[in-house]
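Chemist: In my numbering, the protein residues as written are 711 to 1002. Just so you know, even glycine gets a beta-carbon here, dropped at the ideal spot from N, CA and C. Just so it is clear, the structure is predicted and the values come from calculations on it, not from any experiment. Right, I'll just put the structure down here and ask away after.
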Amino acid sequence: MTPPENATRRSVRAQAGAAGGSTSRAGRNLPVAIGTGVALGVVAAGSLIIHPVAFLAVVCVAAVVAVWEMRQALSEGGLFAPFVPVAVGAVSLVVAGYLRGAEAMVFAATLTVLAIIIWRVADGLTGALRDIGAGALVLLYPCFLIGFAALMLSEPEGRWRIFVFILITVFSDIGGYAVGVLFGKHPMAPRLSPKKSWEGMAGSAATCALVGGIAVPLCLDAGQWWQGALLGALTAPVATIGDLIESSLKRNLGIKDMSNILPGHGGLMDRLDSLVLVVPLAWFALRLIAPY
């Protein structure tokens, strides 16, 4: 690592420490983080209650914000994803998935890749391949993964499927956080996320299994408790991997958070990192648990 890189990373750590305020052992301003989390939960739950299309609109807004955050983050590494075609493509594939299913979502994503290429090449060839690759990355992660939420929403009992998926994934974070703070002693991935522990991972798996075992039979007509518990047990490691993927990306780029738009959390992608990786698993698993 060169001296400038060292200085950059020291600066990021210093800024993180200065901005943290009153933080918990896990590094968050806990009251602010809880308040923000509750507000996000109210928005998601409220839109689900109002109408599926209302939740779809929330998903589209989240996808556009995620594109903006990812573009800003990648620019720290000299990668400039074209914002307009990726953002338009993100909304298009989400809407296509909801209205016409998986094939339409894949088709919309394919057209978006072509739009990214044309948009970037029209701006000049210097660095075009690099920026096209960045745009394709953002289209896949998180936009295409987010599209699975639209597929889930369009299915019978779609709102309940979404509710179960979000509930289990959120409790992965809650269970892992609580157990990790109280009992965490053995770091899981110290170079990527020093505060994650194997004890926290065990707490996350147990909490997800419990929540899944309760939520699936209550919310889905065909669901059995053991199926929900199994889904929860699978969700925990996938959610953790999602968090570690983003941690790896941020460390590579020398940033602490994707943005600062969510008090106590950082950026929206800092909250979506687990959800976007779990949603394809939940979509597939719930189709097996409650086929139609």
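1) Can you list, in chain order, the residues of its chain whose CB lies under 6 Å from that of A800, leaving out five sequence neighbours each side?
2) Measure the alpha-carbon distance for I827 versus L855 and round it to whole angstroms.
3) Do P990 and L863 have their C-beta atoms closer together than 7 Å?
4) From the DSSP output, which residues share a beta bridge with A899?
5) Taking 7 Å as the threshold (C-beta atoms), are T879 and L985 in contact?
6) Out of curiosity, what's the CA-to-CA distance linking I951 and S882?
7) Taking only the alpha-carbon atoms, compute the straight-line gap between R961 and G843 and give it to the nearest angstrom.
8) For E909 and R830, what's the separation of their Cα atoms in angstroms?
9) Identify, in the order they occur along the chain, each residue of the same chain with its Cβ nearer than 8 Å to the Cβ of L766, setting aside the five sequence neighbours on each side.
10) A767 by DSSP, collapsed to three states: which one?
11) Look up G976 in the DSSP assignment and say whether it is helix, strand or coil.
12) Determine the contact status of G913 and G938, defining contact as a CB-CB distance below 7 Å.
13) Cβ of L902 within 7 Å of Cβ of S969?
14) Skipping 5 residues on each side, what residues in its chain have a beta carbon closer than 6 Å to that of I999?
15) Can you say whether I965 is buried or exposed, counting buried as having 16 or more other CB atoms within 10 angstroms of its CB?
16) May I ask you to report which of helix, strand or coil DSSP gives E865?
17) Helix, strand or coil: which one does DSSP assign to G922?
18) Where do the ends of the alpha helix (DSSP H) carrying A960 lie?
19) Using the Cα positions of I971 and V988, report the straight-line distance between them to the nearest angstrom.
20) When the distance is taken between beta carbons, is L978 closer than 7 Å to V742?
21) Out of G751, V874, F793 and A838, which one is the CA nearest neighbour of I924?
22) Would you please verify whether the beta carbon of P866 is less than 7 Å from any beta carbon of chain B?
23) Buried or exposed: R781, going by 16 or more other Cβ atoms within 10 Å of its Cβ?
24) In the DSSP assignment, the alpha helix (DSSP H) including M968 goes from what residue to what residue?
25) Starting from T746, follow the alpha helix (DSSP H) in both directions and report where the run begins and ends.
26) With distances taken between CB atoms, is the gap from L941 to A995 smaller than 7 Å?
Modeler: In brief:
1) The residue you call residue 800 lines up with position 90 of the sequence shown. Closer than 6 Å at Cβ, skipping near neighbours: A773, V777 and C853.
2) Counting from 1 along the sequence shown, the entry for residue 827 is found at position 117. Counting from 1 along the sequence shown, the entry for residue 855 is found at position 145. Roughly 21 Å separates the two Cα atoms.
3) On the sequence shown, residue 990 is found 280 positions in, with the first residue counted as 1. On the sequence shown, residue 863 is found 153 positions in, with the first residue counted as 1. Their beta carbons are not under 7 Å apart, which means P990 does not touch L863 by this criterion.
4) Taking the first residue of the sequence shown as 1, we reach residue 899 at position 189. Paired residue(s): S903.
5) The count along the sequence shown starts at 1 and reaches residue 985 at position 275. The count along the sequence shown starts at 1 and reaches residue 879 at position 169. Cβ atoms of L985 and T879: closer than 7 Å.
6) Taking the sequence shown and counting its residues from 1, the one referred to as residue 951 is at position 241. Taking the sequence shown and counting its residues from 1, the one referred to as residue 882 is at position 172. Cα-Cα distance, rounded: 12 Å.
7) Here the question's residue 961 lines up with position 251 in the sequence shown. Here the question's residue 843 lines up with position 133 in the sequence shown. Straight-line Cα distance between these residues: approximately 20 Å.
8) The residue labelled residue 909 in the question sits at position 199 within the sequence shown. The residue labelled residue 830 in the question sits at position 120 within the sequence shown. So the alpha carbons of these two residues sit roughly 46 Å apart.
9) Sequence index remark: in the sequence shown, residue 766 carries index 56 (1-based). So the list reads V804, V805, Y808, A860 and L863, once near-sequence residues are dropped.
10) Here residue 767 refers to the residue found at position 57 when the sequence shown is read from its first residue. In this structure, A767 counts as helix in the three-state DSSP scheme.
11) For the purposes of this step, residue 976 is identified with residue 266 of the sequence shown, where counting begins at 1. Correct three-state label for G976: strand.
12) The residue you call residue 913 lines up with position 203 of the sequence shown. The residue you call residue 938 lines up with position 228 of the sequence shown. Not a contact, by the Cβ cut-off of 7 Å.
13) As a first step, residue 902 is located in the sequence shown; it is residue number 192 there, counting from the start. As a first step, residue 969 is located in the sequence shown; it is residue number 259 there, counting from the start. Taking 7 Å as the Cβ cut-off, L902 and S969 do not qualify as a contacting pair.
14) Looking up residue 999 in the sequence shown gives position 289. G933 and Q937, listed in sequence order.
15) For the purposes of this step, residue 965 is taken as residue 255 along the sequence shown, with counting starting at 1. Buried, by the Cβ-count rule.
16) Position 155 of the sequence shown, counted from the first residue, corresponds to residue 865. Reduced to three states, the DSSP call for E865 is coil.
17) Translated into positions along the sequence shown, residue 922 becomes position 212. Helix at G922.
18) Indexing the sequence shown from 1 puts residue 960 at position 250. The question names Ala, but residue 960 in the sequence shown is Lys. K960 -> alpha helix (DSSP H) spans W935 to L963.
19) Along the sequence shown, one-based indexing puts residue 971 at 261. Along the sequence shown, one-based indexing puts residue 988 at 278. Answer to the nearest angstrom: the Cα atoms are 23 Å apart.
20) Mapped onto the sequence shown, residue 742 falls at position 32. Mapped onto the sequence shown, residue 978 falls at position 268. No, the pair does not count as a contact, with Cβ atoms beyond the cut-off.
21) For this step, residue 924 is matched to residue 214 along the sequence shown. That would be V874, whose Cα lies nearest to the Cα of I924.
22) The displayed structure is made up of one protein chain only, and chain B is not part of it.
23) Along the sequence shown, one-based indexing puts residue 781 at 71. Buried.
24) To locate residue 968, count along the sequence shown from 1; it is residue 258. Run containing M968: none; DSSP gives neither H nor E here.
25) By 1-based counting over the sequence shown, the position of residue 746 is 36. Segment L740 to I760, the alpha helix (DSSP H) holding T746.
26) Reading the sequence shown from its first residue, position 231 is the one you call residue 941. Reading the sequence shown from its first residue, position 285 is the one you call residue 995. Yes; because the gap between Cβ atoms is below 7 Å, this pair is in contact.
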